[in-house]
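Before any comments, here is the structure.
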Amino acid sequence: MSPRQRWAPALRVARREALRSRGRSILVLVMIALPVLGVTAADVVIQTSEISGAEAIERRIGTADARVSVERGTGQVAQTADPDTGGLSWSGGGRGQAPRTLDDVEDALGREVEAVELVTGGVLVETDAGRADVAVTETDWTSDLVEGTYRLTAGRMPEQAGEVAINGHLAERGYALGDELEGEGLADLTIVGIGENTSYRGHSIAVAQPGTFDLRTTAGSHTWLVDAGGEVAWKDVRALNAIGATVLSRAVLIDPPADSELDPELGWATGTDDAVVAVAVLVVAMALLEVVLLAGPAFAVIARRLQRSLALMAATGATPPQARRVVLASGLVLGTAGAALGVGLGLLAAWLALPVVQRFSDSYLGPYDVPWLHLLGIAAFGLVSALLAAVVPAWLASRQDVVAVLAGRRGDARPSLRSPLLGLVLLAAGAGGAAYGAVSRQNGEYVIAGSAIVAVLGMILLVPVVVATLARVARGLPLPLRYAVRDAARHRTRTVPAVSAVAATVAGVVALGIANASDAAENEATYAQSLPMGQASLTTYRDGADWDAYRAVAEKLVPGAEVTPVQGVDDTGDRSGWTEVTFRLDGEPSWLSSYGSSLGTSIPVAEAGGALPGVVTGLDDDERARAEDALSRGGVVVFVNEDLTVDEATVVVREYGPRDRSEARVRATVPAATVQVSPLETSFQGVLSAEAAEAVGVEPEATGLLVAGVPISEAQEQDVQEALAAVSEDLSFYVERGYQADDETVIVLLVLGALGGVLMLGGTLTATFLSLSDARPDLATLAAIGAAPRTRRGVAASYAAVIGLVGAALGAAVGFIPGIAVTYPLTGWSGETDPSLPTHFLDVPWLLIGSLVVALPLVTALVVGLTTRSRLPLVARID
């Protein structure tokens with residue numbers, strides 16, 4: 015018998031059963047279609063937003079054959095087909111040679127070319143709100159080569175110096191056609207056009223003819239759009255790479271070279287990260303498992319409905335494989351329909367979502383892109399999930415006792431001990447793997463993730479034992495709850511998938527929640543303050559800073575604040591060079607693992623008489639006395655991370671020129687006092703006395719302003735920043751507010767809670783309503799013998815409570831295994847930074863876990879109980 019002949023009757027029965035039980039069929043379709051819909055929509059949106067090299071050619075190089083860039087001092091270049099997004103490396107062997115010109119490009123190509131040069135930079139322009147940074151591109155905008163890189167919406171493109179075109183983002187800040195573009199160093203610039211860069215949006219852009227903005231460029235660095243009179247092939251790209259040029263070629267983007275043609279050091283650029291593949295496989299496996307478990311109860315009910323029909327088939331000679339095919343055919347029919355429905359709705363959802371995505375994207379999306387090969391795999395995912403959900407009910411249906419079923423009794427085979435034993439083995443293996451991953455120094459996270467899946471599978475195999483055990487001890491429970499527990503144990507093919515779905519969801523949420531909360535706890539514990547809490551700093555890297563003007567702004571906008579100038583060694587330097595000051599103790603150059611200050615100096619200078627400057631805080635009385643004694647004797651204070659005591663220190667000063675080469679070196683040995691500090695509390699290397707600074711030839715200068723004495727609100731902080739921006743764009747105003755949890759941390763916890771809640775509700779409600787449908791005869795019998803109408807509501811609420819509470823408790827217990835284990839590789843480095851910190855951090859989000867394990871199941875049970883009908887319609891008419 016051919017496969018078609020074997021499957022045709024089963025498919026016919028499955029189709030008729032699906033049409034007969036429309037409510038249950040719709041439920042299965044929704045479960046299969048929803049994940050397919052979501053993944054389809056996400057895939058289409060991602061593919062549409064990711065503009066490939068070939069799709070974005072005109073946006074990037076217009077009608078040119080290539081974009082060629084040269085940098086002064088570059089010897090040879092190695093690149094992939096797309097140097098902007100792929101691999102790129104270069105050598106410095108070109109130092110000392112003459113800058114490359116367009117003639118060199120023509121020599122490398124072996125032919126003359128037509129080209130226009132692109133000059134990019136930035137300017138600061140005046141706006142209605144203050145000032146704005148504007149990205150500028152200068153080129154010959156009358157050339158056909160730039161066609162497609164900029165799209166006009168009003169006016170025209172610049173044709174001569176003094177004319178500019180701006181984008182809508184800048185126009186919204188107070189400019190229109192015919193206005194003068196105003197800013198520092200800008201004069202007589204008329205806006206003649208408004209349009210959009212075809213690649214990027216979301217920030218201010220201006221375009222002009224060459225020389226309009228007098229942009230500062232690096233000597234010897236050029237970028238040209240080139241019309242080569244033909245395609246610039248890969249061999250031409252390699253020839254240009256040999257002279258130090260980077261090339262974006264139209265022909266190469268359309269037909270990229272094979273990996274074997276790339277330089278060996280760039281082979282990684284086009285490869286696939288094994289870690290990414292491992293994570294993707296784990297995510298797909300967990301998603302497939304979740305869908306299978308959610309859909310499992312529906313197929314269990316389908317198998318129950320077909321129980322008598324299958325028994326009749328067996329009585330007339332049907333084999334167990336034929337009985338299995340009938341149930342599997344339901345999975346095939348509903349899976350195919352659900353996958354097709356999900357893909358179709360996903361395409362529609364993606365099309366509707368694109369305008370919303372575009373609104374929040376800084377780059378323009380491409381044309382609507384349907385990755386049919388991807389969608390085929392996504393549809394296959396939906397179909398496979400339905401088939402897997404039907405496998406266990408099909409297998410159990412083929413093993414039923416035919417005589418018992420035809421006699422009206424239950425025909426389920428006695429459960430085997432092999433599954434629980436295998437579950438224990440898998441659970442132990444998962445726990446052991448997680449423990450190994452916790453202490454593993456390489457790829458421990460991936461070992462833990464794989465072990466988590468093994469542990470979840472082991473837990474699923476143990477669910478029948480847990481449910482049966484609860485049924486045995488339910489004797490003292492109220493009738494509705496006792497009935498729900500025992501009915502769940504009787505119909506384990508329906509109950510186990512639902513409980514497992516809830517448990518798998520909670521396990522994942524608990525594990526990720528513990529990992530996320532522990533990571534946040536580590537970030538908080540290892541946060542290093544730049545200033546004492548509540549104080550603020552005002553710094554600049556510009557030469558000739560007007561500190562009096564900056565101080566006036568701070569005092570005006572922060573009334574009552576003490577604004578103190580900070581004197582020290584300038585850490586920022588300028589174009590002419592910079593000064594480095596270090597301390598040597600016992601011949602060693604550094605005794606700090608790290609340091610960092612927001613006051614423009616890591617070495618402040620002591621006040622008159624050797625008093626510690628006000629910016630140095632956190633010292634006890636003894637440390638302060640020793641420090642000020644050393645400073646009063648013309649010495650220094652050196653901060654160290656270890657317990658070290660010295661009487662002298664060597665101050666070493668190096669002067670660096672513009673090429674970062676040490677041009678001068680001065681040293682002096684002076685009295686010293688050491689102060690031990692935590693690595694997380696180190697803002698300064700040390701403190702110089704005025705005499706020590708003079709001994710090494712260092713001239714103290716103002717490096718910043720310290721604002722203290724009063725609380726600074728976030729509104730005041732914003733006001734100060736805006737006011738300072740009007741004075742100078744190079745100013746920084748920072749307020750120390752201690753550790754602030756990242757928005758991502760809060761968002762992740764909220765998303766985890768919401769996702770876990772939705773999946774728990776889905777699994778609980780599905781199993782509850784299927785159970786109520788399956789229990790209609792029993793409930794009708796209870797009503798007939800005098801049970802109160804509220805009994806049905808109590809049974810419904812009890813079903814939801816049993817499934818939700820049992821699943822959540824099991825899931826939380828299993829979720830703690832990978833959750834705790836992953837905190838070791840995730841946060842285990844902190845103890846090496848500061849011995850006072852723990853070797854790793856563990857923070858359990860009890861509110862999240864309590865909400866999922868206790869609150870949500872009880873609320874779900876309450877809602878189900880309140881919304882369930884108290885009375886059933888007649889199941890049979892009495893004549």
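Position in the sequence shown counted from 1, then plus 14, gives you this note's numbering. Backbone N, C-alpha and C fix where the C-beta goes; we use that ideal spot for every residue, glycine too. All values reported here derive from a predicted model rather than from experimental measurement.
Kindly indicate the opening and closing residues of the beta strand (DSSP E) around residue i.
{"i": "Ile208", "result": "204-211"}
{"i": "Glu715", "result": "715-722"}
{"i": "Val91", "result": "91-93"}
{"i": "Thr260", "result": "259-263"}
{"i": "Arg598", "result": "592-598"}
{"i": "Ala185", "result": "Not the beta strand (DSSP E): Ala185 falls in the alpha helix (DSSP H), residues 182-185."}
{"i": "Ile219", "result": "219-222"}
{"i": "Leu195", "result": "Note, Leu195: premise wrong, no beta strand (DSSP E); not H, not E."}
Which word fits residue i, buried or exposed, when buried means at least 16 other C-beta atoms lie within 10 angstroms of its C-beta?
{"i": "Thr874", "result": "buried"}
{"i": "Asp287", "result": "Caution applies to Asp287, whose pLDDT of 49 falls short of 50 and renders its modelled position unreliable; the model cannot decide the point."}
{"i": "Thr509", "result": "buried"}
{"i": "Trp860", "result": "exposed"}
{"i": "Ala283", "result": "No answer about Ala283 holds up, because its pLDDT of 46 lies below 50 and its placement is not dependable."}
{"i": "Val878", "result": "buried"}
{"i": "Gln699", "result": "buried"}
{"i": "Val772", "result": "exposed"}
{"i": "Ser274", "result": "exposed"}
{"i": "Gly614", "result": "buried"}
{"i": "Arg589", "result": "Low per-residue confidence applies at Arg589: pLDDT is 49, beneath 50, and the placement is therefore not dependable enough to give any value."}
{"i": "Arg895", "result": "The question about residue 895 has no answer here: the residues shown for the chain are numbered 15 through 893."}
{"i": "Met774", "result": "buried"}
{"i": "Glu728", "result": "exposed"}
{"i": "Val27", "result": "buried"}
{"i": "Pro839", "result": "buried"}
Would you call the CB atoms of residue i and residue j closer than 7 Å?
{"i": "Arg81", "j": "Thr141", "result": "no"}
{"i": "Leu745", "j": "Thr578", "result": "no"}
{"i": "Val182", "j": "Leu138", "result": "Contrary to the premise, residue 182 reads as Gly rather than Val in this sequence. It is not a contact, given that the beta carbons lie outside the stated cut-off."}
{"i": "Gly225", "j": "Thr163", "result": "no"}
{"i": "Ala706", "j": "Val666", "result": "no"}
{"i": "Ala663", "j": "Ala686", "result": "yes"}
{"i": "Thr841", "j": "Glu538", "result": "no"}
{"i": "Met171", "j": "Gly124", "result": "no"}
{"i": "Ala521", "j": "Gly829", "result": "yes"}
{"i": "Gln61", "j": "Pro385", "result": "yes"}
{"i": "Ala309", "j": "Val50", "result": "no"}
{"i": "Glu152", "j": "Ala222", "result": "yes"}
Let me check understanding here. Comparing Cα to Cα, which of the options lies closest to residue i?
{"i": "Gln754", "options": "Ala534, Asp733, Gly818, Pro725", "result": "Ala534"}
{"i": "Val650", "options": "Ala722, His388, Leu872, Leu626", "result": "Leu626"}
{"i": "Met697", "options": "Gly447, Val630, Ser63", "result": "The sequence shown places Ser at residue 697, not Met. Here the closest residue by C-alpha is Val630."}
{"i": "Ser35", "options": "Val809, Gly818, Leu856, Ser787", "result": "Ser787"}
{"i": "Thr782", "options": "Gln735, Thr882, Tyr838, Leu719", "result": "Thr882"}
{"i": "Ala512", "options": "Gln321, Asp560, Val721, Gly821", "result": "Gly821"}
{"i": "Glu210", "options": "Ala190, Leu203, Ala220", "result": "Ala220"}
{"i": "Val652", "options": "Val680, Gly628, Val619", "result": "Val619"}
{"i": "Ala393", "options": "Ala329, Val419, Gly243, Leu48", "result": "Leu48"}
Please report the residue range of the alpha helix (DSSP H) in which residue i lies.
{"i": "Gly352", "result": "334-373"}
{"i": "Pro511", "result": "506-539"}
{"i": "Leu745", "result": "No alpha helix (DSSP H) holds Leu745; the beta strand (DSSP E) holding it covers 745-749."}
{"i": "Ala789", "result": "Where Ala789 is concerned, there is no enclosing alpha helix (DSSP H), given that its DSSP letter is neither H nor E."}
{"i": "Phe830", "result": "804-841"}
{"i": "Pro579", "result": "From DSSP, Pro579 is part of no alpha helix (DSSP H) but of the beta strand (DSSP E) over 576-582."}
{"i": "His236", "result": "Here His236 belongs to no alpha helix (DSSP H); instead the beta strand (DSSP E) covers 236-241."}
{"i": "Ile392", "result": "386-412"}
{"i": "Val877", "result": "870-881"}
{"i": "Ala28", "result": "17-34"}
{"i": "Leu324", "result": "321-329"}
{"i": "Ile65", "result": "No alpha helix (DSSP H) holds Ile65; DSSP gives it neither H nor E."}
{"i": "Val419", "result": "416-420"}
Could you check whether the Cβ of residue i sits closer than 7 Å to any Cβ belonging to chain B?
{"i": "Gly136", "result": "Of the protein chains in the structure, only one exists, and it is not chain B."}
Inside the stretch 115-177 only - alpha helix (DSSP H) runs reaching at least 4 residues: With a minimum length of 4 residues, the continuous alpha helix (DSSP H) runs that stay inside the stretch 115-177 are 116-123.
Fully enclosed by the stretch 427-485, which alpha helix (DSSP H) runs are 4 residues long or longer? Correct list: 432-453.
Any chance you could list the alpha helix (DSSP H) runs of at least 4 consecutive residues sitting entirely within the stretch 634-716, in chain order? As summarised for the stretch 634-716, the continuous alpha helix (DSSP H) elements at least 4 residues long and confined to that stretch are 635-646, 704-709, given in chain order.
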